[in-house]
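Heads up, the thing below is written out as structure tokens.
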Amino acid sequence: MIKKISLLLLSLCSLTSCVVVKEYEKVYLNDPDMILAAKKANKFVTSFQVYREAASGANGGKSGGGCGCN
Amino acid sequence: MKKIIIVIVSLVSFVGFSQTTNKEYTKRVLETAEVDILSSFYSQDGDNAAVTGGIGTEKLTDLATSFTVSIPLNDNDVFTVDATISAYTSASSSNLDPFDVSSASSGGDDDDDDNDKSSATNSKSLVTNSASPWVESSGASKSDVWTSLSLSYSHSSDDRNTILGANASFAKEYDYTSIGVGGSLTKLFNEKNTEIGLKANVYLDTWSPVYPTELDSYLDDNQNLNDGHFEGVDILDQDGNTIDKNGVNVWSPFKNTLVDNKSRNTYSLSVSFSQILSKKSQISLFFDLVKQDGWLANPMQRVYFSDRDNYYIGNASSISNYTSPTNTDVFQLADDIERLPDSRLKIPIGVRFNQYINEVVTLRTYYRYYYDDWGIQSSTAEIELPIKISDTFTLYPSYRYYTQTAADYFAPFEQHTSTEEFYTSDYDLSEFNSNQIGIGFSYTDIFAKRHIWKLGLKSIDIKYNSYKRNTGLKAGIISAGFKFVMD
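Here the protein sequences come in this chain order: A and B. For the first sequence, numbering that gives the first Met the number 0 begins at 0 and goes up steadily by one. For the second sequence, numbering that gives the first Met the number 0 begins at 0 and goes up steadily by one.
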């Protein structure tokens with residue numbers, strides 16, 4: 000498990016050697032649909048999933064606490 | 000010589016102009032105050048209510064609304080306030096007191112003292128002919144309101160390569176209070192192509208426990224089946240015969256203690272790593288480490304043991320039909336509330352990858368692996384395909400698949416034994432998989448031309464999600480979000 004995570008982290012770190020995208024080239028990346036997070040409008044959808052499922056977290060949002068849920 | 004001086008002066012003034020221009024065009028982190036209003040309606044139904052031991056109606060509706068205001072304090076600092084209110088009605092939690100009595104499972108009592116709850120109990124009269132896991136009670140516990148207030152502050156460095164954040168939150172529902180604080184640090188490198196984030200949060204939560212009424216009343220009434228809650232009420236055995244309450248074979252809870260530690264603390268550490276892969280794709284990795292301690296079980300949830308005799312209140316002829324939804328008039332007295340370890344370690348790891356396919360379609364994907372030391376492992380895979388149908392309208396079809404293994408302490412109705420240390424019949428901790436299909440649309444007006452008072456409407460998001468679990472639970476949620484910018 001730890002080995003797999005380390006490999007994944009190493010692979011991602013190596014991505015920093017990709018071609019650097021300049022600010023003026025980020026027009027597509029700045030599209031609102033390209034944001035690397037759950038959309039704000041999904042806040043309550045995520046809430047009910049946290050209540051109904053055992054797993055939570057690792058989505059850039061809240062990872063526990065605040066309710067009597069699992 | 001004069002010409003040279005003029006040229007130098009011109010150049011200096013040009014440089015000065017350029018510097019002034021650069022400073023003037025330093026982009027503010029947030030140009031103007033923003034207001035987000037989000038509202039949702041959630042509805043579910045199923046046959047595995049945890050409050051009634053893993054069988055019974057799970058019918059529940061919830062109406063929630065949040066207001067989020069983000070205010071730029073200056074070029075670099077943003078202050079955000081979020082207030083949320085969520086009101087639910089639940090058939091299963093109404094069966095905290097299935098006997099439909101006055102001031103039964105709510106009413107301002109914290110259920111840990113001696114007097115006020117008992118006096119309320121003594122004044123009520125049991126309605127024994129309509130109690131069943133499949134019938135919603137009209138007791139006070141059928142509804143509750145959850146409110147939350149959170150404040151956050153972020154500071155960005157002048158070069159926008161460092162972002163510091165702090166947050167505090169407070170949440171309250173009838174039987175639960177939460178206080179949270181946290182901080183975050185984000186660093187951007189590599190011409191803002193790489194981002195690393197660290198976030199830490201602590202939640203100090205407190206139960207004001209509410210229990211299944213028969214367990215609570217039995218202890219409040221000094222374990223006397225001839226007094227208080229049980230006075231004048233017939234208790235039936237498995238064969239439907241009325242028991243002698245002064246005899247040897249009588250119903251009693253498995254344990255005479257309920258919640259002995261009202262705190263539930265959560266400590267979380269989150270690490271994120273984001274990388275631009277090309278002009279049209281980027282990826283992000285999330286890693287959380289979450290430690291919880293305290294009372295991690297839900298004191299509202301009943302458990303029934305297979306190695307203890309069963310006792311009922313209600314119609315004797317319906318006992319043989321107890322687990323069927325056609326049972327409307329008999330209720331089995333609980334053996335205990337669920338008991339779970341006082342510590343839990345959760346490790347979720349998530350990956351998000353987005354690809355801008357063309358000016359019409361964008362691909363958004365997400366995968367999460369989750370592990371915890373209660374024996375649960377899960378996988379979540381999600382895909383969303385935003386489709387721009389015009390300059391202002393976008394469609395959002397989405398699909399999500401979720402699967403989890405059961406917690407070590409889960410067993411269905413009447414399948415636990417009293418020799419176990421920990422037990423729950425909460426199907427949220429069972430083995431299952433679920434499918435969620437969603438469709439939504441958004442309207443965006445980047446110029447915010449439509450106005451309400453001093454607020455310009457920037458976007459509207461409406462989305463519906465349908466959720467189905469292979470345990471039979473079905474749910475639907477519709478959300479509507481409105482974003483305004485201050486003039």
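All residues carry an ideal CB built from backbone N, CA and C; glycine is no exception.
Contiguous beta strand (DSSP E) elements confined to the segment 378 to 420 of chain B occur at 392 to 394 and 397 to 403, taking only those with 3 or more residues.
By the C-beta density criterion, B:Ala-165 is exposed, having fewer than 16 other C-beta atoms within 10 angstroms. For B:Tyr-355 and B:Gly-45, the gap between their C-alpha atoms comes out near 39 Å. In the DSSP assignment, B:Arg-263 falls outside any alpha helix (DSSP H) and within the unbroken beta strand (DSSP E) covering 262 to 277. Of A:Tyr-23, A:Glu-24 and A:Leu-28, the smallest CA-CA separation from B:Ser-273 is found for A:Leu-28. Within 10 angstroms of the beta-carbon of B:Tyr-398 lie fewer than 16 other beta-carbons, which makes it exposed. Going by beta carbons, B:Ser-149 and B:Asp-81 fall inside the 8 Å limit.
Short of 6 Å from the beta carbon of B:Glu-33, and not among the five residues preceding or following it, lie these beta carbons of its own chain, in chain order: Ser-69 and Val-484. Of the residues B:Leu-428, B:Asp-259 and B:Leu-214, the one whose Cα lies closest to the Cα of B:Ala-333 is B:Leu-214.
Fewer than three pairs of CB atoms, one per stretch, sit closer than 8 Å, so the segment 162 to 178 of chain B makes no contact with the segment 127 to 137 of chain B. B:Tyr-311 is outside the set of residues whose beta carbon lies under 8 Å from a beta carbon in chain A. Between the alpha carbons of B:Ile-461 and B:Thr-325 lies a distance of about 38 Å. In the three-state DSSP reduction, B:Thr-205 falls in the strand class (E or B). Restricting attention to B:Gln-331, B:Asp-292, B:Ala-315 and B:Asn-314, the CA atom closest to the CA of B:Phe-304 is found in B:Gln-331.
Not a single C-beta of chain A is nearer than 8 Å to the C-beta of B:Leu-394.
Taking each of B:Leu-29, B:Arg-367 and B:Thr-193 in turn and checking the Cα distance to A:Lys-21, the smallest one comes out for B:Thr-193. DSSP places A:Met-33 within a helical segment (H, G or I) once states are collapsed to three.
Taking 8 Å as the cut-off, the Cβ atoms of B:Val-302 and B:His-415 count as close. Distance from the Cα of B:Pro-252 is smallest, within the candidate group B:Tyr-311, B:Asp-287, B:Leu-344 and B:Lys-387, for B:Tyr-311.
In this structure, DSSP gives B:Ala-167 an extended state, which the three-state scheme calls strand. Secondary structure at B:Gly-53: coil, using DSSP grouped into helix, strand and coil. Separation of B:Leu-428 and B:Asn-128 (C-alpha to C-alpha, rounded to the nearest whole angstrom) is 32 Å.
The continuous alpha helix (DSSP H) containing B:Asp-215 extends over residues 212 to 219.
Taking 8 Å as the cut-off, the Cβ atoms of A:Ala-53 and B:Ala-296 do not count as close. Chain A places no beta carbon closer than 8 Å to that of B:Asp-233, leaving this residue out of the contacts. Within 8 Å of the CB of A:Tyr-27, the CB atoms of chain B belong to Lys-278, Lys-279 and Tyr-355, in sequence order along the chain. Residue range 342 to 355 is occupied by the beta strand (DSSP E) that includes B:Gln-354. Residue nearest to B:Leu-235 within the set B:Glu-413, B:Thr-402 and B:Gly-313 is B:Gly-313 (criterion: CA-CA distance). A straight line joining the alpha-carbon of B:Thr-60 with that of B:Ser-85 spans about 10 Å. It is roughly 45 Å from the alpha-carbon of B:Tyr-217 to the alpha-carbon of B:Ile-348. With respect to chain A, the C-beta atom of B:Ala-82 has no partner C-beta closer than 8 Å. For B:Gln-403, a Cβ of chain A is located within less than 8 Å of the residue's own Cβ. Proximity to B:Ser-465 across B:Lys-453, B:Gln-435, B:Pro-97 and B:Ala-447 peaks at B:Gln-435, based on C-alpha coordinates. Listed by position along chain A, the residues whose Cβ is nearer than 7 Å to that of B:Glu-230 form an empty set, because the closest Cβ is around 32 Å away. Residues of chain A whose Cβ lies closer than 9 Å to the Cβ of B:Lys-141 do not exist, since the nearest Cβ in that chain is about 16 Å away.
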